[in-house]
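Right, one structure below, let's go through it.
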DNA sequence: GTCGTTGATTACAACGTTGTACTCGTTGAG
DNA sequence: CTCAACGAGTACAACGTTGTAATCAACGAC
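Protein chains in written order, with this note's numbering: chain G, 1208 to 1548; chain R, 1208 to 1548.
Printed below as a string of structure tokens:
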């Protein structure tokens, strides 16, 4: 059951424990001859280092936490898969946490209190604000995903939400749409990502000389299908309903399209729809969804690299902002030509 | 940075280290007076036990691994969320692994080799077979999810796939459908779950006296939207295409419905569709999908309980089979009345 | 030939926890 | 009054690893 220990390998190879340790870690120079002998002993005994002992000694566990508001949201599931892959490539493991969007839980995790042995935290905050984070006690290396606020003392990985939103809006404008609704703006304006996207949206409207109708931006609580559906119902009850919707998540778009369908509204002919996230189901929905596709792999790799860098060189280096790419993927929901898959 | 240690608490409370340890763990009787003094010191110093040291000493880490074929598949994401919640309730954490359906990876994880400090493994196997598992070296407690094979030496948590499939099929038969296709049968028949579902399907057909047409059961590789789409295309090319499809996953159903839509086929009028898994997007698809809904929460709780039981009482107890509930949820894709949400 | 110098290896002491075996009063039975 | 039994607490040695400082041979340089 319990595997071989450093001591066993050392005895078999006829060297000291420390030499074996040196060979295993490869940090210290070991004579070629000894190294080979040790490696053979390691192979013969199938030695596996004991992670806990190592952690106890070094203070590193090789585990980083990834905290997302909701793992069942496809965007976060897809992102989590990329983070796991990126971490594995770099030899460490990922502990996934589901905060449920609870601020207290987010804070707890940001402080590294979720599990005592994690080395660092990747957090996708929903409602965490700077004042809460300002005086967090335990200083676990922290990287924030997809949040714009400059005030939080941590590294950020994000895409240029403003530019992406502008591009999406311009696409709708080019189709000739003028009454463009936005679904995904929370009432309290605290969520930096949505503020950026809203900014990009307004910039595009302004540049095209299209007036902005605030009634086309209903308050939205979460980024779920149900919220998208609810917002769409409100919008369709207007005297002059929108001819296009820009949704801040594909799930919102999915809910919105569903309601449009129920009202007999054809997408894209009578209502063009753009989403955000490029989740997989988007490509098979009826109709398939035009969406802003953040480069999730790049986000994951940047984030893992950033947190590992903080962990290994625990300098109080200034906090960085890392920008990943994105792409507007045009599909049926904004195509006037007939469906083609 | 580093928190208080047992030693610090002991000094503050004026007792020995061991007494503090006893209070923390609550296993040994401690006089009420001392206990209070220790508890106060713990609170004052905000003491948090060091997980690694504890693990090193006891051999337990409090971490269990959950390995799924593909985290981005919504069913597994939803299941993972339930497992995380169930584990948290019981005071342990979950390490999620994505096997990518790779048999070697599945074996590695089943042997507990994915990370050295895990106490036990929950594995949702895709292609693992008994011969591989028979002689796994390291004996980590293992619980298999959703697999029927009796031969694998491990506990199983599953639903009655055969009964569920029969029920789904009976539902389609009651709608008057007679040419019912099945999407989700892999060519090699090795995956026990699909064998059970196929069995339930055939039982229902037989009981209703409906002949079985093997051409309506195309080979399917994976449980993805793309595979569902491909299978549907094959089926629609037949001289006498099906009037209903029973898909072994909601994703397959999603792909199939997409293709039906492209061919101008109306669901449910010309093609009734039933899925399996009850993933969330199913409820907002157009049309919404009738599906077999396994009780994911119950599956998660049974599995976590089972693995914890094996960990704590490491008896070589006989392997158990635990059955969770399911439910057939009828939605638009098999409803002849007009859509109502 | 002696003496630093270098490079490879080792002994030893941590890291923070828990199990075992022990001490030390206190209590109750004979 | 003596002694066993008991309850509460403690000292010490692990668990397997790594950092530090020491050791030791080999090797040129003077």
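Glycine included, every Cβ here is placed at the ideal spot set by N, Cα and C.
Quick caveat: nothing in here was measured; it's all calculated off a predicted structure.
DSSP-derived helix/strand/coil call for residue 1541 of chain R = The count along the second chain starts at 1 and reaches residue 1541 of chain R at position 334. Helix at residue 1541 of chain R.
key: Terminal residues of the alpha helix (DSSP H) in which residue 1242 of chain G lies   = Working through the first chain from its first residue, we reach residue 1242 of chain G at position 35. Residue 1242 of chain G -> alpha helix (DSSP H) spans 1239-1252.
task = Pull up the DSSP beta-bridge partners for residue 1483 of chain G, would you.
result = Here residue 1483 of chain G refers to the residue found at position 276 of the first chain. According to DSSP, residue 1483 of chain G bridges with G:1499.
ask   = If we count the other Cβ atoms within 10 Å of its Cβ and call it buried at 16 or more, is residue 1543 of chain G buried or exposed?
value = The sequence position of residue 1543 of chain G within the first chain is 336, counting from 1. When all chains shown are included, residue 1543 of chain G counts as exposed.
task = Starting from the beta carbon of residue 1260 of chain G, find every residue of chain R whose beta carbon is closer than 7 Å, and list them in chain order.
result = Taking the first chain and counting its residues from 1, the one referred to as residue 1260 of chain G is at position 53. Here the neighbours are 1263.
Expected contact under 8 Å - CB spacing of residue 1365 of chain R and residue 1530 of chain R to nearest Å = For the purposes of this step, residue 1365 of chain R is taken as residue 158 along the second chain, with counting starting at 1. For the purposes of this step, residue 1530 of chain R is taken as residue 323 along the second chain, with counting starting at 1. With a Cβ gap of about 6 Å, residue 1365 of chain R and residue 1530 of chain R count as contacting.
message = Using C-beta distances below 6 Å, list every residue in its chain close to residue 1466 of chain G, excluding the 5 sequence neighbours before and after it, in chain order.
response = The sequence position of residue 1466 of chain G within the first chain is 259, counting from 1. If we look at residue 1466 of chain G and ignore the five residues flanking it on each side, its Cβ neighbours are 1436, 1439, 1440.
task = Name, in chain order, the residues that DSSP records as bridge partners for residue 1365 of chain R.
result = In the second chain, the residue the question calls residue 1365 of chain R occupies position 158. Under DSSP, the beta-bridge partners assigned to residue 1365 of chain R are R:1530.
ask   = Cβ of residue 1205 of chain G within 8 Å of Cβ of residue 1305 of chain G?
value = The requested residue 1205 of chain G is not part of the displayed model; chain G covers only 1208 to 1548.
query = Using a beta-carbon distance below 8 Å, is residue 1276 of chain R in contact with chain G?
reply = As a working note, residue 1276 of chain R is residue 69 in the second chain. Closer than 8 Å: no.
query = Is the Cβ of residue 1488 of chain R closer than 8 Å to any Cβ of chain G?
reply = Residue numbering aside, residue 1488 of chain R sits at position 281 when the second chain is read from its first letter. Interface flag for residue 1488 of chain R against chain G is set, since a Cβ pair is found closer than 8 Å.
query = Between which two residues does the alpha helix (DSSP H) harbouring residue 1402 of chain G extend?
reply = On the first chain, position 195 is the one that residue 1402 of chain G refers to. Residues 1399-1414.
key: the segment 1467-1477 of chain R touching the segment 1502-1517 of chain R, judged by at least three CB pairs closer than 8 Å   = No, they do not touch.
query = residue 1547 of chain G by DSSP, collapsed to three states: which one?
reply = Here residue 1547 of chain G refers to the residue found at position 340 when the first chain is read from its first residue. Its pLDDT being 40, under 50, residue 1547 of chain G is placed unreliably in this model, and the value from its coordinates should be taken loosely. Residue 1547 of chain G falls in the coil class under three-state DSSP.
task = Note the first and the last residue of the continuous beta strand (DSSP E) segment covering residue 1194 of chain G.
result = Outside the modelled stretch of chain G, which goes from 1208 to 1548, sits residue 1194 of chain G, for which no answer is possible.
query = Do the CB positions of residue 1192 of chain R and residue 1320 of chain R come within less than 8 Å of each other?
reply = Here chain R comprises residues numbered 1208 to 1548, so residue 1192 of chain R is not present and cannot be evaluated.
message = I need the straight-line Cα distance from residue 1328 of chain R to residue 1229 of chain G, nearest angstrom please.
response = Against the second chain, residue 1328 of chain R aligns to sequence position 121. Against the first chain, residue 1229 of chain G aligns to sequence position 22. Residue 1328 of chain R and residue 1229 of chain G have their alpha carbons spaced roughly 31 Å apart.
ask   = Would you report the Cα separation of residue 1503 of chain G and residue 1385 of chain R, rounded to the nearest angstrom?
value = Residue numbering aside, residue 1503 of chain G sits at position 296 when the first chain is read from its first letter. Residue numbering aside, residue 1385 of chain R sits at position 178 when the second chain is read from its first letter. About 45 Å.
inquiry  = Please identify the residue among G:1411, G:1489, G:1367, G:1444 whose C-alpha is closest to the C-alpha of residue 1534 of chain G.
reply    = Numbered from its first residue, the first chain carries residue 1534 of chain G at position 327. Checked all of G:1411, G:1489, G:1367, G:1444; the closest Cα to residue 1534 of chain G is G:1367.
key: Under 7 Å from the C-beta of residue 1255 of chain R: neighbouring residues of chain G   = If you number the second chain from 1, residue 1255 of chain R lands on position 48. Per Cβ cutoff of 7 Å: 1323.
query = Quick one, which residues of the segment 1434-1445 of chain G are near chain R if we go by CB-CB under 9 Å, in chain order?
reply = Answer set for the segment 1434-1445 of chain G: 1435, 1436.
request  = Residues of the segment 1490-1516 of chain R with a CB closer than 9 Å to any CB of chain G: list them in chain order, please.
outcome  = Going along the segment 1490-1516 of chain R in chain order, one finds 1490, 1491, 1492, 1493, 1494, 1495 with a Cβ nearer than 9 Å to chain G.
request  = For residue 1383 of chain R, count neighbouring Cβ atoms within 10 angstroms of its own Cβ and tell me buried if that reaches 16, exposed if not.
outcome  = Numbered from its first residue, the second chain carries residue 1383 of chain R at position 176. Looking at its Cβ environment, which holds fewer than 16 other Cβ atoms inside 10 Å, residue 1383 of chain R is exposed.
message = Closer than 9 Å between beta carbons: that is the criterion. Which residues of the segment 1227-1250 of chain G meet it against chain R?
response = Result list empty, no residue passes.
inquiry  = Along the chain, where does the alpha helix (DSSP H) containing residue 1213 of chain G start, and where does it finish?
reply    = As a first step, residue 1213 of chain G must be located in the first chain, where it is residue number 6. 1213-1220 is the span of the alpha helix (DSSP H), which, as asked, contains residue 1213 of chain G.
key: Length of the line joining the Cα atoms of residue 1462 of chain G and residue 1430 of chain G   = The residue given as residue 1462 of chain G occupies position 255 in the first chain. The residue given as residue 1430 of chain G occupies position 223 in the first chain. Their backbone Cα atoms lie some 10 Å apart in a straight line.
ask   = Can you tell me whether residue 1243 of chain R is buried or exposed, with buried defined as 16 or more other CB within 10 angstroms of its CB?
value = Residue 1243 of chain R sits at position 36 when you count from the first residue of the second chain. Residue 1243 of chain R should be labelled exposed.
Exposure of residue 1548 of chain R, with buried meaning 16 or more beta-carbon neighbours within 10 Å = The residue labelled residue 1548 of chain R in the question sits at position 341 within the second chain. Here the model assigns residue 1548 of chain R a pLDDT of 40, short of 50, so the residue's position is not dependable, and the following value carries that caveat. It counts as exposed.
key: CB contact flag (residue 1271 of chain R, residue 1293 of chain R, <8 Å)   = The count along the second chain starts at 1 and reaches residue 1271 of chain R at position 64. The count along the second chain starts at 1 and reaches residue 1293 of chain R at position 86. Not closer than 8 Å, so no.
query = Which of the three DSSP states, helix, strand or coil, is assigned to residue 1434 of chain R?
reply = Position 227 of the second chain, counted from the start, is the residue given in the question as residue 1434 of chain R. The DSSP-derived three-state label of residue 1434 of chain R is helix.
message = Using a Cβ-Cβ distance cut-off of 8 Å, determine whether residue 1535 of chain R contacts chain G.
response = As a first step, residue 1535 of chain R is located in the second chain; it is residue number 328 there, counting from the start. Judged by the 8 Å Cβ criterion, residue 1535 of chain R is not in contact with chain G.
task = Return the chain-ordered list of same chain residues with a C-beta closer than 8 Å to the C-beta of residue 1307 of chain R, the five sequence neighbours on each side being excluded.
result = Taking the second chain and counting its residues from 1, the one referred to as residue 1307 of chain R is at position 100. Taken in chain order, the residues that qualify are 1276, 1277.
request  = Quick one: residues in its chain with C-beta nearer than 8 Å to the C-beta of residue 1505 of chain R, no 5 flanking neighbours on either side, listed in chain order?
outcome  = Here the question's residue 1505 of chain R lines up with position 298 in the second chain. Excluding residues up to 5 positions away in sequence, 1531, 1532 lie with their Cβ nearer than 8 Å to the Cβ of residue 1505 of chain R in the same chain.
key: Span of the alpha helix (DSSP H), counted from its first residue to its last, around residue 1453 of chain G   = Within the first chain, numbered from 1, the residue matching residue 1453 of chain G stands at position 246. In the DSSP assignment, residue 1453 of chain G falls outside any alpha helix (DSSP H) and lies within the beta strand (DSSP E) extending over 1451-1454.
inquiry  = Any C-beta of chain G within less than 9 Å: which residues of the segment 1464-1480 of chain R qualify?
reply    = Listed by position, the residues of the segment 1464-1480 of chain R near chain G (Cβ gap below 9 Å) are 1464, 1465, 1466, 1468, 1469.
message = Is the beta carbon of residue 1269 of chain G closer than 8 Å to that of residue 1300 of chain G?
response = For this step, residue 1300 of chain G is matched to residue 93 along the first chain. For this step, residue 1269 of chain G is matched to residue 62 along the first chain. Taking the C-beta atoms as reference points, residue 1269 of chain G is found nearer than 8 Å to residue 1300 of chain G.
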